[in-house]
Amino acid sequence: MCYPDPSRPLQRYDSFGFTLVEMLTAIAIMAILSAIAAPAFRDFIAGQKIKTATYDLSYTLTFARSEAIKRNSNVTIAAASGGWQNGWAVNAGTININQHESVPGLTITGPGASIIYSSNGRIQATANQTFAISSTTNPNSSPRCITINLSGLPNTKKGACS
């Protein structure tokens with residue numbers, strides 16, 4: 029039989045890793061931080077959807093204006109049935125030259141069912157036209173506004189339309 033030598037200290041075996049208590053504490057802290065961050069993340073996502081839809085619609089307006097000038101004919105941006113949030117199409121006469129799909133979770137109110145750009149790049153209207161874009165799922169997110177002046181150029185701003 030072997031006995032330990034009392035003059036030599038006992039060897040200590042260090043184990044590497046986490047204990048169960050340390051791991052559960054870390055998981056609890058992560059859960060609390062996630063619960064705190066979730067509402068802010070939801071606001072961020074809603075804001076990004078509004079920003080993306082604003083960019084897409086503004087791009088479409090600029091595209092339609094340039095196509096009207098290039099083709100030397102009228103170009104129409106028409107809302108899909110049910111409103112602008114259900115998508116829109118850019119048409120030169122009977123030719124569909126661009127299509128945008130629906131934007132779920134957003135409300136887009138625009139100036140009627142269509143915008144017509146004439147061959148000189150101006151809109152066929154007697155006053156500036158506005159689009160209001162807001163979230164239907166998150167009222168805390170900041171709405172955006174697109175104003176099209178009579179020369180046909182879109183201008184976007186953060187906040188409600190005035």
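Residue 29 is where the sequence shown starts when you use our numbering, and the numbers rise one by one after that. From the three backbone atoms N, C-alpha and C, an ideal C-beta is built for every residue, glycine too. Since we're looking at a predicted model, the values are computed, not measured.
If you drop the 5 nearest sequence neighbours on each side, which residues of the same chain put their C-beta closer than 6 Å to that of ALA81?
Within the same chain, ALA81 has close Cβ partners VAL131, LEU134, ILE161.
Taking a contact to mean a Cβ-Cβ separation below 8 Å, would you say ILE176 touches GLN152 in this structure?
No, the Cβ-Cβ distance between ILE176 and GLN152 is not below 8 Å.
Taking 8 Å as the cut-off, does the stretch 102 to 120 touch the stretch 84 to 93 (at least 3 CB pairs, one atom from each stretch)?
These segments touch.
To the nearest angstrom, report how far apart SER169 and THR47 are at their CA atoms.
Roughly 43 Å separates the two Cα atoms.
Pick helix, strand or coil for LEU134, following the three-state DSSP scheme.
Three-state DSSP puts LEU134 in a strand.
Taking the alpha-carbon positions, what's the GLY75 to THR164 distance?
The straight-line gap from Cα to Cα measures roughly 11 Å.
From the DSSP output, read off the bridge partner residues of LYS185.
Answer is CYS173.
When you compare each of ILE97, VAL118, THR122, TYR83 to ARG172 by their alpha carbons, which one comes out closest?
For the residues ILE97, VAL118, THR122, TYR83, the minimum Cα distance to ARG172 belongs to TYR83.
Whether or not the stretch 107 to 116 and the stretch 133 to 148 are in contact is what I'm after, with contact meaning three or more pairs of Cβ atoms, one per stretch, closer than 8 Å; do they touch?
At 8 Å Cβ cutoff, the stretches touch.
Along the chain, where does the alpha helix (DSSP H) containing SER94 start, and where does it finish?
For SER94, the enclosing alpha helix (DSSP H) covers residues 48 to 99.
Could you pull the start and end residues of the beta strand (DSSP E) that ALA117 belongs to?
That run of the beta strand (DSSP E) goes 116 to 120.
Which residue's Cα is closest to the Cα of ALA68: ASN166, LEU178, ILE174?
Measuring from the Cα of ALA68, the nearest candidate turns out to be ASN166.
Mapping DSSP to helix, strand and coil, what is GLN152?
Three-state result, GLN152: coil.
Contacts around GLU129, its chain only, beta-carbon distance under 6 Å, and the 5 residues preceding and following it disregarded
Contacts found: GLY115.
For ASN183 and LEU61, what's the separation of their Cα atoms in angstroms?
If you take the alpha carbons of ASN183 and LEU61, they lie about 39 Å apart.
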